[in-house]
Amino acid sequence: MYLRALALLPLLVEPAAASVLVVDASGGGAYTTVAAAVSAAHDDDVVLVRSGTYGAFTVNDKAIDLVADVAASVRIDGRVRIRNLAATRTATLTGFELRGLTSGNALLVDGNAGSVRVQGCTILGGEGIDCGATSYGGTAVVVQNSVDVAFARSTLRGGDSGEAILLGDQAGHGIVATDSRVALHQCTVRGGAGSAFTYLCGYAYGYVLGGQGGQGLAIVGSATCLVATSQLFGGDGGDSLPPATQHTGCGGIAFASYATAGSVVRTLDTSFAAGASGAGAPACPPAPPVFTSGVPVVGFPGSGRRLSASRVTREHGSVRIDVLGVPGDRVELVFAERGGFAPSDPLRGVRLLARNAPSLVLQAGTIGASGRLSVAWTVGELGPGVESRRLLAQAACIDAGGVTTMTGAETIVLLDSAF
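Numbering (the working numbering), first residue to last: 3 to 421.
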């Protein structure tokens, strides 16, 4: 029964004059740079990127899907910026490796009233340069003034710092979110490592400091934050050579909350480990794994649930969705065309799909003894003149006691077989 419903999923998305813009660094597509394709794209377009290394780009108030093709290895050198999305727009980024330039950010999400979704990405802050003007490490992800941002199945790592004249410099953070609403599911987040001080840049008159390790996740200001089924690490501090008048580099905090009154900070099934202090004397005191300046970090009890899905599927190909949970969980799969952000303590998570958009709720089945439920279906014809459709998916897992746990969300891109 549910296979028939799945076959009708593409009909959730209104047919539009959407296009697929193919980017291929070797010249096999209409574009050789991601920036050019993004500039040419309109709402609902898919930017399909084939293997290669590309430069920075900005998505400015466009509801587009940027996705690495099946089995493609796509690297972006330079900062990716997603900004100014209107409330009705959703932008997605799937399957990329983002690398910040020297001491720079790899991803900046700024001023968005709409939804931003990042899945299956590796995001690395730029590294500092020894003895240079920019020896500090770059923060991998900066989110500011954005109301609906979600990461899934991604690795975020701050850049390592270089050595400066007087000290090993500050390493980059994994992610810093200011005045924003952010959810992370199935992510590994790590601060960069602080540089050792070795007199590489000249004599320092005995004032020597190892570089401080970066924080894993820091939230600042008015915030709503959920971290589920993830691992957060502070970066290690740098060593100091004697004679030291200060101390070795301190390890970074895994999760630092500087949230103001009224903020909501939740965790589920997530581990936290502070970075180690550098070697030398006097030693820096151990950093706490979690730090809060006021608003408490509240952890839901029990285990989280996990979701993964095929990122790109062409007509007549097979889409697969996997839900990992507890044997006996009843699974509801929800599909919609737009993102949303509705935190819910009773649901132990955040509803990441728009509740006022067309949607389908599918009773997918019960998780068996393996702890995994797999759902697959074959994509039919998308329709005359339709090049692509995009669906967002999320699962609700209801255990034997009636307790619901939400997973993260996934983006599923369906393409005409011509691509």
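Glycine included, each C-beta is placed from N, C-alpha and C at the ideal position.
Model, not experiment: these values are computed from the prediction.
Enclosing alpha helix (DSSP H) for residue i [first to last residue]
{"i": "Ser117", "result": "Premise fails: Ser117 lies in the beta strand (DSSP E), 117-121, not in any alpha helix (DSSP H)."}
{"i": "Ala1", "result": "As displayed, the chain neither begins before 3 nor continues past 421, which places residue 1 out of reach and without an answer."}
Host beta strand (DSSP E) of residue i (start-end)
{"i": "Val381", "result": "Unbroken run through Val381: none, as it is neither H nor E."}
{"i": "Ala311", "result": "308-311"}
{"i": "Phe199", "result": "Note, Phe199: premise wrong, no beta strand (DSSP E); not H, not E."}
{"i": "Gly342", "result": "341-346"}
{"i": "Gly54", "result": "54-62"}
{"i": "Phe98", "result": "98-101"}
{"i": "Arg391", "result": "390-400"}
{"i": "Ile177", "result": "177-180"}
{"i": "Ala70", "result": "67-70"}
{"i": "Phe257", "result": "257-261"}
{"i": "Thr315", "result": "314-316"}
{"i": "Glu165", "result": "It is not in any beta strand (DSSP E) - Glu165 carries neither H nor E in the DSSP assignment."}
{"i": "Ile369", "result": "It is not in any beta strand (DSSP E) - Ile369 carries neither H nor E in the DSSP assignment."}
{"i": "Ala275", "result": "273-275"}
{"i": "Thr269", "result": "266-270"}
{"i": "Ser148", "result": "No beta strand (DSSP E) holds Ser148; DSSP gives it neither H nor E."}
{"i": "Gly80", "result": "76-85"}
{"i": "Leu416", "result": "406-417"}
{"i": "Asp324", "result": "320-326"}
Cβ-Cβ distance between residue i and residue j below 7 Å
{"i": "Ser279", "j": "Cys286", "result": "yes"}
{"i": "Thr269", "j": "Gly306", "result": "no"}
{"i": "Val145", "j": "Val191", "result": "no"}
{"i": "Leu100", "j": "Ala93", "result": "no"}
{"i": "Val2", "j": "Leu375", "result": "This structure cannot speak to residue 2, because the chain is shown only from 3 to 421."}
{"i": "Val24", "j": "Ala32", "result": "yes"}
{"i": "Arg316", "j": "Leu384", "result": "no"}
{"i": "Phe293", "j": "Val22", "result": "no"}
{"i": "Thr96", "j": "Arg313", "result": "yes"}
{"i": "Arg128", "j": "Gly161", "result": "The sequence as given places Gly at residue 128; Arg does not occur at that position. Closer than 7 Å, so yes."}
{"i": "Phe257", "j": "Phe274", "result": "yes"}
{"i": "Ala398", "j": "Glu339", "result": "no"}
{"i": "Asp171", "j": "Ser163", "result": "yes"}
{"i": "Thr272", "j": "Val229", "result": "yes"}
{"i": "Gly102", "j": "Gly134", "result": "no"}
{"i": "Glu412", "j": "Ala311", "result": "yes"}
{"i": "Asp47", "j": "Ala89", "result": "no"}
{"i": "Leu87", "j": "Asp67", "result": "no"}
{"i": "Thr262", "j": "Gly282", "result": "no"}
Residue i versus residue j - alpha carbon distance
{"i": "Pro303", "j": "Met408", "result": "14 Å"}
{"i": "Asp112", "j": "Gly223", "result": "15 Å"}
{"i": "Leu393", "j": "Val415", "result": "7 Å"}
{"i": "Gln396", "j": "Gly212", "result": "44 Å"}
{"i": "Gly196", "j": "Gly237", "result": "7 Å"}
{"i": "Ala289", "j": "Gly410", "result": "30 Å"}
{"i": "Gly30", "j": "Val51", "result": "11 Å"}
{"i": "Asp241", "j": "Gly253", "result": "11 Å"}
{"i": "His175", "j": "Ser320", "result": "38 Å"}
{"i": "Tyr207", "j": "Gly106", "result": "No answer about Tyr207 holds up, because its pLDDT of 49 lies below 50 and its placement is not dependable."}
{"i": "Pro17", "j": "Gly218", "result": "Unreliable placement is indicated for Pro17, whose pLDDT of 49 sits below 50; the coordinate value is still reported in the next sentence. Going by the C-alpha atoms only, they are around 41 Å apart."}
{"i": "Ala173", "j": "Val49", "result": "33 Å"}
{"i": "Gly2", "j": "Val266", "result": "Lying before the first or after the last residue shown, residue 2 is absent from the chain, which here runs from 3 to 421."}
{"i": "Phe59", "j": "Gly193", "result": "24 Å"}
{"i": "Thr406", "j": "Pro348", "result": "7 Å"}
{"i": "Val82", "j": "His44", "result": "18 Å"}
{"i": "Thr157", "j": "Val61", "result": "21 Å"}
{"i": "Ala74", "j": "Ser28", "result": "13 Å"}
{"i": "Leu110", "j": "Ala142", "result": "9 Å"}
{"i": "Thr35", "j": "Ile323", "result": "31 Å"}
{"i": "Ser346", "j": "Leu186", "result": "15 Å"}
{"i": "Ser41", "j": "Phe199", "result": "44 Å"}
{"i": "Tyr203", "j": "Thr124", "result": "Inspection of the sequence shows that residue 203 is occupied by Cys rather than by Tyr. Whole-angstrom Cα-Cα distance: 32 Å."}
{"i": "Pro255", "j": "Pro291", "result": "The sequence as given places Ile at residue 255; Pro does not occur at that position. Each residue's Cα considered, the two are about 5 Å apart."}
{"i": "Gly330", "j": "Ala154", "result": "24 Å"}
{"i": "Arg159", "j": "Ala220", "result": "13 Å"}
{"i": "Phe98", "j": "Leu126", "result": "11 Å"}
{"i": "Ala371", "j": "Gly403", "result": "17 Å"}
Original post:
Touch check for the stretch 146-160 and the stretch 111-122: three-plus C-beta pairs under 8 Å?
Top reply: Contact between the stretch 146-160 and the stretch 111-122 is present, with at least three C-beta pairs closer than 8 Å.
Original post:
Would you call the stretch 345-355 and the stretch 364-379 touching, i.e. three or more CB-CB distances under 8 Å?
Top reply: Segment contact: the stretch 345-355 against the stretch 364-379, fewer than three CB-CB distances shorter than 8 Å; contact not assigned.
Original post:
Which runs of the beta strand (DSSP E), 3 residues or longer, sit entirely within the stretch 216-255?
Top reply: For the stretch 216-255, whole beta strand (DSSP E) runs of length 3 or above, ordered along the chain, are 219-223, 226-230, 233-235.
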